[in-house]
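Per this note's numbering: the sequence shown = residues 16 to 168.
In this text, a Cβ means the ideal position worked out from N, Cα and C, and glycines have one as well.
Below you'll find the structure, written out as structure tokens, and then a few comments.
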Amino acid sequence: MAHAVSASGMPRTPIGPGTGVAGLPDVFDARTHLIAKWAVPVTLGLVYGYWAAANQRSGGPITGWNVLFGFVTALVFIALYVGVRALTRHRRRELHALLWAAFAGCAMGFLVNQAGPSVLYSAGVAVATAAGFFAVLFYRYYTHEDAEGHRIG
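Laid out in structure tokens, this is it:
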């Protein structure tokens with residue numbers, strides 16, 4: 016029976032447990048994961064801060080206070096994102112999904128509130144956002160983790 020051999024004549028490296036998630040090779044090294052671990056919250060925070068500042072000024076002129084508000088909002092978002100990520104690391108799937116849903120709902124409610132509608136409307140948008148996030152995240156964690164929060168596969 017014929018077996019597949021690489022073009023160089025060297026035997027292929029088997030893909031098995033420990034080579035990556037679900038037996039796939041890990042394409043990125045530890046340095047890339049470390050950079051992404053900090054680049055994602057910073058990028059999301061800067062976008063969120065800009066969005067909040069733009070909502071607050073309602074199309075008016077950009078002022079120094081508006082820029083300061085955007086950067087403070089970005090710093091708070093980054094700190095909360097990193098905190099939620101650290102807190103949910105080894106939680107059960109229900110609490111894991113609930114914490115991320117609460118974070119997303121509060122973040123969206125704050126953005127909507129900066130545009131000027133009533134607090135009741137902002138709270139409704141926050142609850143609807145949190146409910147949607149909870150449903151999606153719970154399904155994802157339910158299908159990818161065991162009851163103790165460990166990844167399956």
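- DSSP, reduced to helix, strand and coil, places R106 outside both helices and strands of the structure shown, so it counts as coil.
- F118 counts as buried, since no fewer than 16 other beta carbons sit within 10 angstroms of its beta carbon.
- Spanning the alpha carbons of L90 and E160 requires a straight line of approximately 31 Å.
- Bridge partners of R166 according to DSSP: E160.
- In this structure, the CA atom of Q71 is about 43 Å from the CA atom of D41.
- Its Cα nearest to that of Q129, the residue S73 stands out among L61, V140, S73.
- For T47, the enclosing alpha helix (DSSP H) starts and ends at 45-72.
- For V42, the secondary structure class from DSSP, reduced to helix, strand or coil, is coil.
- The beta carbon of V97 lies closer than 7 Å to those of P56 in the same chain, with the five residues before and after it left out.
- The straight-line gap separating the alpha-carbon atoms of F153 and T103 is approximately 13 Å.
- Taken in chain order, the unbroken stretches of alpha helix (DSSP H) that lie wholly in the region 108-159 and span 4 residues or more are 108-129, 134-159.
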